[in-house]
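*Asks:*
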Amino acid sequence: MNSFYITTAIDYVNGSPHLGHAYEKVLTDVIARYRRMMGDRVHFLTGVDEHGQKVQQSARKRGVSPQQFADEVSAEFRALLPKLNISNDDFIRTTEPRHKRVVGEILQRLFDQGQIYLAEYKGFYSTRQEQFLQEKDRNPDGTWPEIFGEVTEITERNYFFKLKQYQDWLIGHLTAHPHFIFPSFRQKQVLEFLKEPLNDLCISRPRERLEWGIPLPFAPDYVTYVWFDALLNYYSAVADRPGVWPANWHVIGKDILVPPHAVYWPIMLHAAGLPLPGGIIAHGWWLQSGAKMSKSTGNALNPLDLVTEFGADAFRYFLIREMNVGQDSEFTREQFLVRYNSELANNLGNLVNRTLNMTNRFAAGVLPAAEVTEDPERELHALWAATRDEVLPLWAGFQFHAALERTFQFVTATNAYIEKRAPWKLGKSAEAKDQALLRTSLATMAEALRLANALLRAVMPTAHDRINAVIGHQPGADWQAELHWGDRLTGNKVAEALVLFPRPTPPAKA
0 MNSFYITTAI DYVNGSPHLG HAYEKVLTDV IARYRRMMGD RVHFLTGVDE
50 HGQKVQQSAR KRGVSPQQFA DEVSAEFRAL LPKLNISNDD FIRTTEPRHK
100 RVVGEILQRL FDQGQIYLAE YKGFYSTRQE QFLQEKDRNP DGTWPEIFGE
150 VTEITERNYF FKLKQYQDWL IGHLTAHPHF IFPSFRQKQV LEFLKEPLND
200 LCISRPRERL EWGIPLPFAP DYVTYVWFDA LLNYYSAVAD RPGVWPANWH
250 VIGKDILVPP HAVYWPIMLH AAGLPLPGGI IAHGWWLQSG AKMSKSTGNA
300 LNPLDLVTEF GADAFRYFLI REMNVGQDSE FTREQFLVRY NSELANNLGN
350 LVNRTLNMTN RFAAGVLPAA EVTEDPEREL HALWAATRDE VLPLWAGFQF
400 HAALERTFQF VTATNAYIEK RAPWKLGKSA EAKDQALLRT SLATMAEALR
450 LANALLRAVM PTAHDRINAV IGHQPGADWQ AELHWGDRLT GNKVAEALVL
500 FPRPTPPAKA
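Going letter by letter, the sequence shown gives residues 0 to 509 in numbering that gives the first Met the number 0.
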(Lines of atoms letter the chains of each structure in order from A; the text may use other names.)
(Lines give C-alpha, C1' and ligand atoms only; values in the text may rest on other atoms or scores of the structure.)
Protein backbone atom coordinates (compact mmCIF):
# COMPACT_ATOMS: atom_id res chain seq x y z
CA MET A 0 0.00 0.00 0.00
CA ASN A 1 1.41 3.38 -1.02
CA SER A 2 1.50 6.28 1.43
CA PHE A 3 -0.10 9.49 0.15
CA TYR A 4 0.15 12.71 2.15
CA ILE A 5 -1.79 15.77 1.01
CA THR A 6 -2.36 19.16 2.65
CA THR A 7 -4.36 22.31 2.15
CA ALA A 8 -2.95 25.70 2.96
CA ILE A 9 -3.74 26.60 6.55
CA ASP A 10 -6.33 29.34 6.80
CA TYR A 11 -5.48 32.64 8.45
CA VAL A 12 -7.84 33.32 11.35
CA ASN A 13 -8.33 37.03 10.78
CA GLY A 14 -11.76 36.41 9.24
CA SER A 15 -14.51 33.84 8.73
CA PRO A 16 -14.46 31.10 6.06
CA HIS A 17 -15.63 32.04 2.57
CA LEU A 18 -16.03 30.35 -0.81
CA GLY A 19 -12.30 30.21 -1.56
CA HIS A 20 -11.63 28.33 1.67
CA ALA A 21 -14.49 25.92 0.96
CA TYR A 22 -13.26 25.21 -2.57
CA GLU A 23 -9.74 24.41 -1.45
CA LYS A 24 -11.04 21.97 1.17
CA VAL A 25 -13.36 20.26 -1.31
CA LEU A 26 -10.71 20.04 -4.04
CA THR A 27 -8.19 18.50 -1.64
CA ASP A 28 -10.83 16.17 -0.25
CA VAL A 29 -11.69 14.92 -3.74
CA ILE A 30 -8.02 14.13 -4.39
CA ALA A 31 -7.69 12.41 -1.00
CA ARG A 32 -10.83 10.32 -1.54
CA TYR A 33 -9.69 9.36 -5.04
CA ARG A 34 -6.30 8.19 -3.71
CA ARG A 35 -8.04 6.13 -1.02
CA MET A 36 -10.25 4.60 -3.72
CA MET A 37 -7.07 3.69 -5.62
CA GLY A 38 -5.82 1.85 -2.54
CA ASP A 39 -3.38 4.35 -1.05
CA ARG A 40 -2.91 4.92 2.69
CA VAL A 41 -3.88 8.60 2.76
CA HIS A 42 -3.06 11.25 5.35
CA PHE A 43 -4.99 14.49 4.74
CA LEU A 44 -4.05 17.60 6.73
CA THR A 45 -5.78 20.94 7.03
CA GLY A 46 -5.79 23.57 9.74
CA VAL A 47 -5.36 27.22 10.69
CA ASP A 48 -2.61 29.81 10.91
CA GLU A 49 -3.12 31.71 14.18
CA HIS A 50 -0.13 33.99 14.70
CA GLY A 51 0.83 37.36 13.27
CA GLN A 52 0.14 41.05 13.41
CA LYS A 53 -3.32 40.97 11.81
CA VAL A 54 -4.61 38.55 14.43
CA GLN A 55 -3.18 40.70 17.22
CA GLN A 56 -4.79 43.83 15.75
CA SER A 57 -8.17 42.13 15.21
CA ALA A 58 -8.15 40.82 18.77
CA ARG A 59 -7.42 44.29 20.16
CA LYS A 60 -10.31 45.76 18.16
CA ARG A 61 -12.60 43.16 19.71
CA GLY A 62 -11.16 43.71 23.18
CA VAL A 63 -10.16 40.07 23.61
CA SER A 64 -6.85 38.23 23.83
CA PRO A 65 -5.27 36.97 20.58
CA GLN A 66 -5.71 33.40 21.84
CA GLN A 67 -9.43 33.87 22.49
CA PHE A 68 -9.86 35.49 19.08
CA ALA A 69 -7.97 32.61 17.42
CA ASP A 70 -10.01 30.03 19.35
CA GLU A 71 -13.28 31.52 18.13
CA VAL A 72 -12.35 31.83 14.45
CA SER A 73 -10.57 28.45 14.41
CA ALA A 74 -13.81 26.88 15.60
CA GLU A 75 -15.57 28.35 12.55
CA PHE A 76 -13.05 26.76 10.18
CA ARG A 77 -13.22 23.44 11.98
CA ALA A 78 -17.03 23.49 11.86
CA LEU A 79 -16.94 24.03 8.09
CA LEU A 80 -15.29 20.66 7.48
CA PRO A 81 -18.08 18.23 8.46
CA LYS A 82 -20.65 20.44 6.76
CA LEU A 83 -18.72 20.03 3.49
CA ASN A 84 -18.15 16.30 4.17
CA ILE A 85 -14.36 16.78 4.30
CA SER A 86 -12.47 13.59 5.19
CA ASN A 87 -9.36 15.16 6.74
CA ASP A 88 -7.29 12.99 9.08
CA ASP A 89 -5.80 15.87 11.06
CA PHE A 90 -6.42 19.54 11.85
CA ILE A 91 -3.46 21.58 13.00
CA ARG A 92 -3.38 24.93 14.78
CA THR A 93 -0.10 26.83 14.83
CA THR A 94 -0.65 27.61 18.52
CA GLU A 95 -0.40 23.91 19.39
CA PRO A 96 2.66 22.68 21.33
CA ARG A 97 3.56 20.11 18.64
CA HIS A 98 3.90 22.90 16.08
CA LYS A 99 5.77 25.34 18.33
CA ARG A 100 8.27 22.61 19.27
CA VAL A 101 9.15 21.83 15.64
CA VAL A 102 9.40 25.52 14.68
CA GLY A 103 11.77 26.11 17.61
CA GLU A 104 13.90 23.08 16.70
CA ILE A 105 14.28 24.11 13.05
CA LEU A 106 15.04 27.73 13.92
CA GLN A 107 17.71 26.64 16.38
CA ARG A 108 19.20 24.21 13.86
CA LEU A 109 19.44 26.89 11.17
CA PHE A 110 20.88 29.40 13.66
CA ASP A 111 23.52 26.92 14.85
CA GLN A 112 24.48 26.29 11.22
CA GLY A 113 25.01 30.01 10.64
CA GLN A 114 21.99 30.25 8.33
CA ILE A 115 20.36 33.01 10.46
CA TYR A 116 21.99 36.34 11.35
CA LEU A 117 21.07 39.67 12.99
CA ALA A 118 21.02 42.87 10.90
CA GLU A 119 19.33 46.26 10.67
CA TYR A 120 16.54 46.68 8.16
CA LYS A 121 15.14 49.87 6.71
CA GLY A 122 12.34 49.66 4.21
CA PHE A 123 8.66 49.27 3.48
CA TYR A 124 6.28 46.95 5.31
CA SER A 125 2.79 45.66 4.43
CA THR A 126 0.71 44.86 7.49
CA ARG A 127 -1.98 43.16 5.40
CA GLN A 128 0.49 40.70 3.86
CA GLU A 129 2.82 40.80 6.88
CA GLN A 130 5.88 41.12 4.66
CA PHE A 131 8.64 43.55 3.83
CA LEU A 132 8.47 45.05 0.36
CA GLN A 133 10.96 46.23 -2.25
CA GLU A 134 10.83 48.98 -4.82
CA LYS A 135 10.15 46.37 -7.52
CA ASP A 136 6.87 45.53 -5.75
CA ARG A 137 5.44 48.98 -6.64
CA ASN A 138 3.07 49.64 -9.53
CA PRO A 139 4.60 51.40 -12.57
CA ASP A 140 3.10 54.68 -11.33
CA GLY A 141 4.89 54.36 -7.97
CA THR A 142 1.84 53.32 -5.92
CA TRP A 143 1.58 50.07 -4.03
CA PRO A 144 -0.74 47.33 -5.34
CA GLU A 145 -4.04 47.06 -3.46
CA ILE A 146 -3.13 43.56 -2.23
CA PHE A 147 -0.58 45.09 0.18
CA GLY A 148 -3.07 47.43 1.87
CA GLU A 149 -1.43 50.15 3.98
CA VAL A 150 2.36 50.24 3.47
CA THR A 151 4.62 51.98 6.01
CA GLU A 152 8.37 52.65 6.13
CA ILE A 153 10.16 51.20 9.16
CA THR A 154 13.70 50.78 10.51
CA GLU A 155 14.50 48.00 12.99
CA ARG A 156 16.98 45.25 13.84
CA ASN A 157 15.82 41.76 12.92
CA TYR A 158 17.02 38.25 12.23
CA PHE A 159 17.45 37.18 8.63
CA PHE A 160 17.56 33.76 6.97
CA LYS A 161 20.14 33.35 4.19
CA LEU A 162 17.57 32.81 1.47
CA LYS A 163 19.47 34.25 -1.46
CA GLN A 164 22.34 31.76 -1.28
CA TYR A 165 19.89 29.02 -2.31
CA GLN A 166 18.53 30.77 -5.40
CA ASP A 167 20.60 28.77 -7.90
CA TRP A 168 19.75 25.54 -6.08
CA LEU A 169 16.02 26.27 -6.32
CA ILE A 170 16.26 27.12 -10.03
CA GLY A 171 18.10 23.83 -10.54
CA HIS A 172 15.46 21.89 -8.59
CA LEU A 173 12.59 23.37 -10.59
CA THR A 174 14.42 22.76 -13.85
CA ALA A 175 15.05 19.13 -12.89
CA HIS A 176 11.43 18.69 -11.76
CA PRO A 177 9.35 20.44 -14.47
CA HIS A 178 6.08 19.19 -12.95
CA PHE A 179 6.81 20.33 -9.39
CA ILE A 180 4.08 22.97 -9.67
CA PHE A 181 0.69 22.26 -11.24
CA PRO A 182 -0.45 23.68 -13.59
CA SER A 183 2.83 23.95 -15.50
CA PHE A 184 2.38 27.61 -16.46
CA ARG A 185 2.60 28.47 -12.75
CA GLN A 186 6.04 26.85 -12.63
CA LYS A 187 7.13 29.10 -15.50
CA GLN A 188 5.94 32.11 -13.47
CA VAL A 189 8.09 31.02 -10.54
CA LEU A 190 11.16 30.64 -12.76
CA GLU A 191 10.43 34.08 -14.18
CA PHE A 192 10.30 35.46 -10.62
CA LEU A 193 13.67 33.84 -9.89
CA LYS A 194 15.36 35.75 -12.71
CA GLU A 195 15.51 38.66 -10.27
CA PRO A 196 18.01 38.26 -7.41
CA LEU A 197 16.47 37.17 -4.10
CA ASN A 198 16.99 39.04 -0.83
CA ASP A 199 17.59 37.29 2.45
CA LEU A 200 14.34 36.70 4.35
CA CYS A 201 13.55 38.63 7.52
CA ILE A 202 12.25 35.91 9.86
CA SER A 203 11.59 37.86 13.07
CA ARG A 204 9.59 40.71 14.54
CA PRO A 205 10.57 42.54 17.77
CA ARG A 206 8.26 41.63 20.64
CA GLU A 207 7.84 45.32 21.40
CA ARG A 208 6.01 45.59 18.06
CA LEU A 209 4.44 42.14 17.87
CA GLU A 210 3.87 39.88 20.87
CA TRP A 211 1.63 37.29 19.20
CA GLY A 212 4.00 34.72 17.76
CA ILE A 213 6.47 31.93 18.54
CA PRO A 214 9.58 33.31 20.33
CA LEU A 215 12.94 32.71 18.65
CA PRO A 216 14.70 30.07 20.78
CA PHE A 217 18.00 31.97 20.53
CA ALA A 218 16.51 35.48 20.96
CA PRO A 219 13.34 35.50 23.12
CA ASP A 220 12.87 39.26 22.60
CA TYR A 221 11.80 38.41 19.04
CA VAL A 222 8.93 36.32 17.64
CA THR A 223 8.97 34.32 14.43
CA TYR A 224 7.75 35.89 11.18
CA VAL A 225 4.33 34.40 10.54
CA TRP A 226 5.24 32.89 7.15
CA PHE A 227 8.31 31.12 8.54
CA ASP A 228 6.12 29.76 11.33
CA ALA A 229 3.09 28.84 9.19
CA LEU A 230 4.97 27.09 6.38
CA LEU A 231 6.40 24.58 8.84
CA ASN A 232 2.93 23.25 9.77
CA TYR A 233 2.95 20.72 6.94
CA TYR A 234 5.98 19.07 8.51
CA SER A 235 5.25 19.74 12.20
CA ALA A 236 1.91 17.92 11.95
CA VAL A 237 3.61 14.66 10.94
CA ALA A 238 7.11 15.06 12.41
CA ASP A 239 6.34 12.28 14.89
CA ARG A 240 4.70 10.01 12.28
CA PRO A 241 7.44 7.97 10.53
CA GLY A 242 6.89 7.32 6.85
CA VAL A 243 4.42 10.15 6.20
CA TRP A 244 6.74 13.02 5.25
CA PRO A 245 7.38 14.24 2.59
CA ALA A 246 3.97 15.30 1.36
CA ASN A 247 2.93 14.22 -2.12
CA TRP A 248 1.01 17.42 -2.82
CA HIS A 249 0.31 20.78 -1.21
CA VAL A 250 -2.93 22.40 -2.42
CA ILE A 251 -2.88 26.20 -2.18
CA GLY A 252 -4.33 29.29 -3.83
CA LYS A 253 -2.32 30.95 -6.59
CA ASP A 254 -1.99 34.14 -4.54
CA ILE A 255 0.30 32.47 -1.97
CA LEU A 256 2.42 30.56 -4.47
CA VAL A 257 5.08 33.23 -5.03
CA PRO A 258 7.09 33.77 -3.00
CA PRO A 259 5.89 31.88 0.12
CA HIS A 260 5.21 28.33 -1.07
CA ALA A 261 7.31 28.20 -4.21
CA VAL A 262 10.40 30.05 -2.93
CA TYR A 263 10.57 30.34 0.87
CA TRP A 264 9.14 26.89 1.60
CA PRO A 265 11.39 24.64 -0.54
CA ILE A 266 14.47 26.61 0.46
CA MET A 267 13.58 26.39 4.17
CA LEU A 268 13.13 22.63 3.89
CA HIS A 269 16.34 22.15 1.94
CA ALA A 270 18.35 24.29 4.38
CA ALA A 271 16.92 22.28 7.30
CA GLY A 272 17.93 19.01 5.66
CA LEU A 273 14.36 17.85 5.04
CA PRO A 274 13.17 16.20 1.80
CA LEU A 275 10.96 18.33 -0.43
CA PRO A 276 7.30 17.54 -1.18
CA GLY A 277 6.33 15.93 -4.45
CA GLY A 278 4.67 19.08 -5.72
CA ILE A 279 2.34 22.03 -5.30
CA ILE A 280 -1.13 22.42 -6.83
CA ALA A 281 -1.94 26.12 -7.20
CA HIS A 282 -5.65 26.59 -7.81
CA GLY A 283 -7.35 29.68 -9.21
CA TRP A 284 -9.78 32.19 -7.77
CA TRP A 285 -13.54 32.30 -7.76
CA LEU A 286 -14.61 35.51 -9.46
CA GLN A 287 -17.80 37.52 -9.37
CA SER A 288 -18.21 39.81 -12.37
CA GLY A 289 -14.52 39.40 -13.09
CA ALA A 290 -13.33 40.38 -9.59
CA LYS A 291 -11.86 38.04 -7.01
CA MET A 292 -14.16 37.06 -4.17
CA SER A 293 -12.47 38.00 -0.91
CA LYS A 294 -13.10 39.44 2.52
CA SER A 295 -11.20 42.61 1.63
CA THR A 296 -13.43 43.37 -1.38
CA GLY A 297 -16.61 42.56 0.51
CA ASN A 298 -18.03 40.26 -2.18
CA ALA A 299 -17.23 36.90 -0.61
CA LEU A 300 -20.10 34.41 -0.48
CA ASN A 301 -20.82 32.40 2.62
CA PRO A 302 -20.53 28.81 1.33
CA LEU A 303 -22.76 27.49 4.08
CA ASP A 304 -25.74 29.36 2.66
CA LEU A 305 -25.75 27.16 -0.46
CA VAL A 306 -24.85 24.04 1.51
CA THR A 307 -27.79 24.63 3.83
CA GLU A 308 -30.12 25.18 0.89
CA PHE A 309 -28.98 22.44 -1.51
CA GLY A 310 -26.81 20.04 0.49
CA ALA A 311 -23.07 19.43 0.56
CA ASP A 312 -23.03 17.06 -2.43
CA ALA A 313 -24.60 19.53 -4.87
CA PHE A 314 -22.26 22.27 -3.66
CA ARG A 315 -19.21 20.00 -3.99
CA TYR A 316 -20.32 18.93 -7.46
CA PHE A 317 -20.64 22.50 -8.68
CA LEU A 318 -17.22 23.54 -7.39
CA ILE A 319 -15.44 20.59 -9.00
CA ARG A 320 -17.46 20.61 -12.22
CA GLU A 321 -17.21 24.34 -12.78
CA MET A 322 -13.54 25.08 -12.14
CA ASN A 323 -10.61 23.81 -14.20
CA VAL A 324 -7.95 23.36 -11.50
CA GLY A 325 -5.45 26.19 -11.80
CA GLN A 326 -7.72 28.53 -13.76
CA ASP A 327 -10.10 31.20 -12.44
CA SER A 328 -13.84 30.67 -12.65
CA GLU A 329 -17.00 32.73 -12.21
CA PHE A 330 -19.41 31.86 -9.44
CA THR A 331 -23.02 32.89 -9.70
CA ARG A 332 -26.11 31.47 -8.10
CA GLU A 333 -27.68 31.36 -11.57
CA GLN A 334 -24.94 29.11 -12.95
CA PHE A 335 -25.16 26.93 -9.84
CA LEU A 336 -28.89 26.45 -10.46
CA VAL A 337 -28.30 25.61 -14.13
CA ARG A 338 -25.97 22.77 -13.24
CA TYR A 339 -28.12 21.69 -10.28
CA ASN A 340 -31.29 21.43 -12.35
CA SER A 341 -29.94 20.16 -15.67
CA GLU A 342 -27.18 17.79 -14.54
CA LEU A 343 -28.07 16.66 -11.04
CA ALA A 344 -31.88 16.78 -10.88
CA ASN A 345 -32.93 16.23 -14.51
CA ASN A 346 -30.13 13.87 -15.55
CA LEU A 347 -28.75 11.85 -12.64
CA GLY A 348 -31.80 12.21 -10.41
CA ASN A 349 -34.06 11.28 -13.32
CA LEU A 350 -32.01 8.12 -14.03
CA VAL A 351 -32.31 7.05 -10.39
CA ASN A 352 -36.07 7.66 -10.33
CA ARG A 353 -36.70 5.85 -13.63
CA THR A 354 -34.64 2.85 -12.53
CA LEU A 355 -36.51 2.49 -9.25
CA ASN A 356 -39.94 3.29 -10.68
CA MET A 357 -39.78 0.87 -13.60
CA THR A 358 -38.15 -1.94 -11.62
CA ASN A 359 -40.97 -1.71 -9.10
CA ARG A 360 -43.60 -1.36 -11.80
CA PHE A 361 -42.51 -4.19 -14.09
CA ALA A 362 -40.37 -6.53 -11.95
CA ALA A 363 -41.92 -6.39 -8.48
CA GLY A 364 -38.94 -4.33 -7.28
CA VAL A 365 -36.35 -7.03 -8.00
CA LEU A 366 -33.66 -6.38 -10.60
CA PRO A 367 -33.72 -9.04 -13.34
CA ALA A 368 -30.79 -10.38 -15.33
CA ALA A 369 -30.04 -9.11 -18.83
CA GLU A 370 -31.01 -11.73 -21.40
CA VAL A 371 -30.23 -10.24 -24.81
CA THR A 372 -27.49 -8.07 -26.26
CA GLU A 373 -28.45 -6.03 -29.28
CA ASP A 374 -27.14 -2.78 -30.74
CA PRO A 375 -28.56 -0.48 -28.01
CA GLU A 376 -26.86 -2.58 -25.32
CA ARG A 377 -23.62 -2.96 -27.28
CA GLU A 378 -23.44 0.80 -27.82
CA LEU A 379 -23.92 1.55 -24.13
CA HIS A 380 -21.37 -1.12 -23.10
CA ALA A 381 -18.82 0.37 -25.50
CA LEU A 382 -19.51 3.90 -24.32
CA TRP A 383 -18.99 2.80 -20.73
CA ALA A 384 -15.62 1.21 -21.54
CA ALA A 385 -14.53 4.38 -23.35
CA THR A 386 -15.81 6.59 -20.52
CA ARG A 387 -13.96 4.61 -17.84
CA ASP A 388 -10.74 4.58 -19.85
CA GLU A 389 -10.94 8.35 -20.39
CA VAL A 390 -12.00 9.29 -16.87
CA LEU A 391 -9.28 7.51 -14.88
CA PRO A 392 -6.37 9.41 -16.49
CA LEU A 393 -8.34 12.65 -16.11
CA TRP A 394 -8.70 12.00 -12.38
CA ALA A 395 -5.00 11.21 -12.08
CA GLY A 396 -4.16 14.46 -13.88
CA PHE A 397 -6.44 16.66 -11.71
CA GLN A 398 -8.77 17.30 -14.66
CA PHE A 399 -11.82 16.70 -12.52
CA HIS A 400 -14.12 19.05 -14.44
CA ALA A 401 -13.50 17.07 -17.63
CA ALA A 402 -13.89 13.75 -15.80
CA LEU A 403 -17.31 14.82 -14.52
CA GLU A 404 -18.29 16.03 -17.99
CA ARG A 405 -17.49 12.59 -19.46
CA THR A 406 -19.30 10.83 -16.63
CA PHE A 407 -22.46 12.84 -17.17
CA GLN A 408 -22.30 12.25 -20.91
CA PHE A 409 -22.60 8.57 -20.01
CA VAL A 410 -25.56 9.32 -17.71
CA THR A 411 -27.19 11.24 -20.58
CA ALA A 412 -26.58 8.28 -22.91
CA THR A 413 -28.17 5.93 -20.37
CA ASN A 414 -31.30 8.07 -20.26
CA ALA A 415 -31.30 8.04 -24.08
CA TYR A 416 -31.03 4.24 -23.99
CA ILE A 417 -34.14 4.12 -21.81
CA GLU A 418 -36.01 6.27 -24.32
CA LYS A 419 -34.88 3.96 -27.12
CA ARG A 420 -35.91 0.77 -25.32
CA ALA A 421 -39.09 2.32 -23.83
CA PRO A 422 -39.70 -0.22 -21.04
CA TRP A 423 -43.14 1.28 -20.46
CA LYS A 424 -44.14 0.02 -23.92
CA LEU A 425 -42.42 -3.35 -23.55
CA GLY A 426 -44.30 -3.87 -20.28
CA LYS A 427 -47.62 -3.75 -22.15
CA SER A 428 -46.61 -6.61 -24.47
CA ALA A 429 -47.16 -10.27 -23.66
CA GLU A 430 -44.68 -11.48 -26.27
CA ALA A 431 -41.74 -13.42 -24.88
CA LYS A 432 -39.21 -11.40 -26.90
CA ASP A 433 -40.55 -8.10 -25.54
CA GLN A 434 -40.53 -9.43 -22.01
CA ALA A 435 -36.89 -10.46 -22.44
CA LEU A 436 -36.08 -6.99 -23.77
CA LEU A 437 -37.93 -5.47 -20.81
CA ARG A 438 -35.86 -7.46 -18.32
CA THR A 439 -32.70 -6.58 -20.24
CA SER A 440 -33.48 -2.88 -20.27
CA LEU A 441 -34.17 -2.84 -16.51
CA ALA A 442 -30.90 -4.68 -15.82
CA THR A 443 -28.96 -2.44 -18.21
CA MET A 444 -30.17 0.86 -16.83
CA ALA A 445 -29.50 -0.26 -13.24
CA GLU A 446 -25.98 -1.45 -14.09
CA ALA A 447 -25.23 1.75 -15.97
CA LEU A 448 -26.43 3.73 -12.95
CA ARG A 449 -24.19 1.68 -10.64
CA LEU A 450 -21.16 2.29 -12.86
CA ALA A 451 -21.72 6.02 -13.30
CA ASN A 452 -22.28 6.29 -9.56
CA ALA A 453 -18.91 4.62 -8.91
CA LEU A 454 -17.22 7.51 -10.75
CA LEU A 455 -19.03 10.06 -8.56
CA ARG A 456 -17.89 8.63 -5.23
CA ALA A 457 -15.10 11.13 -4.49
CA VAL A 458 -17.14 14.19 -5.44
CA MET A 459 -20.57 13.30 -4.03
CA PRO A 460 -19.92 10.68 -1.33
CA THR A 461 -23.34 10.93 0.31
CA ALA A 462 -25.28 10.68 -2.96
CA HIS A 463 -23.02 7.79 -3.97
CA ASP A 464 -23.92 5.85 -0.83
CA ARG A 465 -27.61 6.65 -1.13
CA ILE A 466 -27.77 5.47 -4.75
CA ASN A 467 -26.03 2.21 -3.89
CA ALA A 468 -28.43 1.70 -0.99
CA VAL A 469 -31.56 2.03 -3.14
CA ILE A 470 -30.27 -0.45 -5.75
CA GLY A 471 -29.17 -2.87 -3.04
CA HIS A 472 -25.48 -2.66 -3.86
CA GLN A 473 -22.61 -2.99 -1.39
CA PRO A 474 -19.36 -2.01 -3.18
CA GLY A 475 -16.32 -4.22 -2.72
CA ALA A 476 -12.98 -3.10 -1.31
CA ASP A 477 -11.38 -2.92 -4.76
CA TRP A 478 -12.82 0.23 -6.34
CA GLN A 479 -11.29 -0.38 -9.75
CA ALA A 480 -12.94 -3.81 -9.87
CA GLU A 481 -16.25 -1.97 -9.46
CA LEU A 482 -15.70 -0.28 -12.82
CA HIS A 483 -16.37 -3.37 -14.96
CA TRP A 484 -19.76 -4.03 -16.52
CA GLY A 485 -21.33 -7.09 -14.98
CA ASP A 486 -24.43 -8.66 -13.44
CA ARG A 487 -23.74 -8.09 -9.75
CA LEU A 488 -27.11 -6.34 -9.25
CA THR A 489 -29.19 -9.30 -10.44
CA GLY A 490 -31.74 -10.30 -7.82
CA ASN A 491 -31.31 -7.13 -5.75
CA LYS A 492 -34.39 -5.60 -4.20
CA VAL A 493 -34.67 -1.88 -4.99
CA ALA A 494 -36.25 0.88 -2.96
CA GLU A 495 -39.54 2.42 -4.01
CA ALA A 496 -38.20 5.94 -4.61
CA LEU A 497 -35.38 8.38 -3.87
CA VAL A 498 -35.44 12.14 -4.36
CA LEU A 499 -31.73 12.94 -4.51
CA PHE A 500 -31.87 16.52 -5.71
CA PRO A 501 -35.22 18.14 -4.91
CA ARG A 502 -36.30 21.08 -7.01
CA PRO A 503 -35.51 24.40 -5.36
CA THR A 504 -38.53 26.26 -4.07
CA PRO A 505 -39.09 29.39 -6.15
CA PRO A 506 -39.14 32.65 -4.20
CA ALA A 507 -42.58 33.80 -3.14
CA LYS A 508 -44.09 36.57 -5.25
CA ALA A 509 -44.58 39.89 -3.52
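Glycine included, every Cβ here is placed at the ideal spot set by N, Cα and C.
1. Can you grab the Cα-Cα spacing for the pair Gly396 / Gln479, in whole Å?
2. Specify, as a first and last residue, the run of the beta strand (DSSP E) that Thr154 falls within.
3. Between which residues of its own chain and Thr94 is the CB-CB distance below 8 Å, once the five residues before and five after are set aside?
4. Taking Phe500 and Tyr339 to be in contact with their CB atoms under 8 Å, please state how far apart those CB atoms are, rounded to whole angstroms.
5. Taking only three categories from DSSP, how would you classify Trp285?
6. Should the segment 484-498 be regarded as contacting the segment 99-111, the criterion being three or more beta carbon pairs within less than 8 Å?
7. On a CA-only basis, which of Leu318, Thr142, Asn491, Asn198 is nearest Lys163? Give me that one, please.
8. Cα-Cα, which of Gly490, Val469, Phe159, Asp477 is closest to Val498?
9. Across the segment 132-139 and the segment 161-179, are there enough close Cβ pairs to call them in contact, namely three or more that are closer than 8 Å?
10. Once you ignore the five residues that flank Asn349 on each side, which residues in its own chain have a CB closer than 7 Å to its CB?
11. Using three-state DSSP, classify Glu119 as helix, strand or coil.
12. DSSP three-state call for Asn218: helix, strand or coil?
13. Taking the alpha-carbon of Leu355 as reference, which of Ser86, Asn491, Phe179 has the nearest alpha-carbon?
14. Within the chosen definition, does the segment 239-258 reach the segment 25-41 through at least 3 CB pairs nearer than 8 Å?
15. Return the chain-ordered list of same chain residues with a C-beta closer than 6 Å to the C-beta of Asp552, the five sequence neighbours on each side being excluded.
16. Less than 9 Å separating the beta-carbons of Met459 and Asp304?
17. So, with DSSP's three-state summary, where would you put Lys492?
18. Buried or exposed for Asn87, please, with buried defined as at least 16 other CB atoms from any protein chain shown within 10 angstroms of its CB.
19. Beta strand (DSSP E) containing Asp48: first to last residue?
20. Short of 7 Å in beta carbon distance, which residues of its chain neighbour Asn138, apart from the five on each side in sequence? Order them along the chain.
21. For a quick check, are the C-beta atoms of Trp211 and Val54 less than 9 Å apart?
22. Return the residue from the list Glu342, Phe160, Thr151, Ile85 that minimises the CA-CA distance to Leu117.
23. Would you report the Cα separation of Ile466 and Gly310, rounded to the nearest angstrom?
24. Among Val390, Tyr120, Leu209, which has the Cα closest to the Cα of Glu152?
25. Go through its chain and collect everything with a Cβ distance to Gly122's Cβ below 6 Å, but skip five positions before and after it.
26. Can Gly471 and Leu366 be called in contact, C-beta distance under 9 Å?
27. Whole angstroms is fine: what's the gap from Ala238's alpha carbon to Leu215's?
28. With distance defined between alpha-carbon atoms, name the residue in Asn359, Asn13, Glu389, Ile105 nearest to Glu495.
29. Three or more beta-carbon pairs under 8 Å between the segment 182-195 and the segment 258-277, yes or no?
30. Under 8 Å by Cβ, that's how I've got Gly103 and Ile213 pegged, so tell me the actual separation to the nearest angstrom.
31. How about Ile97 and Ile105: are their beta carbons less than 9 Å apart?
32. Determine the closest residue to Ala369 out of Val306, Arg438, Thr307, Phe317, with distance taken between C-alpha atoms.
33. Please classify Gly103: does DSSP put it in a helix, a strand, or coil?
34. Would you call the segment 221-228 and the segment 192-207 in contact, with 3 or more CB pairs under 8 Å?
35. Quick one: using the 10 Å Cβ neighbour count with 16 as the cut-off for buried, is Glu129 buried or exposed?
36. For Trp383, collect the residues of the same chain with a Cβ closer than 8 Å to its Cβ; drop the 5 residues on either side in sequence, then sort them by chain order.
*Replies:* Short version:
1. 17 Å
2. 150-160
3. Glu49, His50, Gln66, Ala69
4. 7 Å
5. strand
6. no
7. Looking at the Cα atoms, Asn198 is the closest of the given residues.
8. Val469
9. no
10. Asn414
11. strand
12. According to the sequence displayed, residue 218 carries Ala and not Asn. Three-state result, Ala218: strand.
13. Asn491
14. yes
15. This structure gives no information on residue 552, because the portion of the chain shown stretches from 0 to 509.
16. no
17. strand
18. buried
19. Under the DSSP assignment, Asp48 falls in the beta strand (DSSP E) whose first and last residues are 40-48.
20. Pro144
21. yes
22. Phe160
23. So the two alpha carbons sit approximately 16 Å from each other.
24. Nearest option by C-alpha distance: Tyr120.
25. Phe131
26. yes
27. 20 Å
28. Selected option, being the one with the closest Cα: Asn359.
29. yes
30. 7 Å
31. Reading the sequence as shown, one finds Arg at residue 97 and not Ile. The answer is no: Cβ separation not under 9 Å.
32. Arg438
33. helix
34. yes
35. With 16 or more other Cβ atoms within 10 Å, it is buried.
36. Phe409, Ala447, Leu450, Trp484
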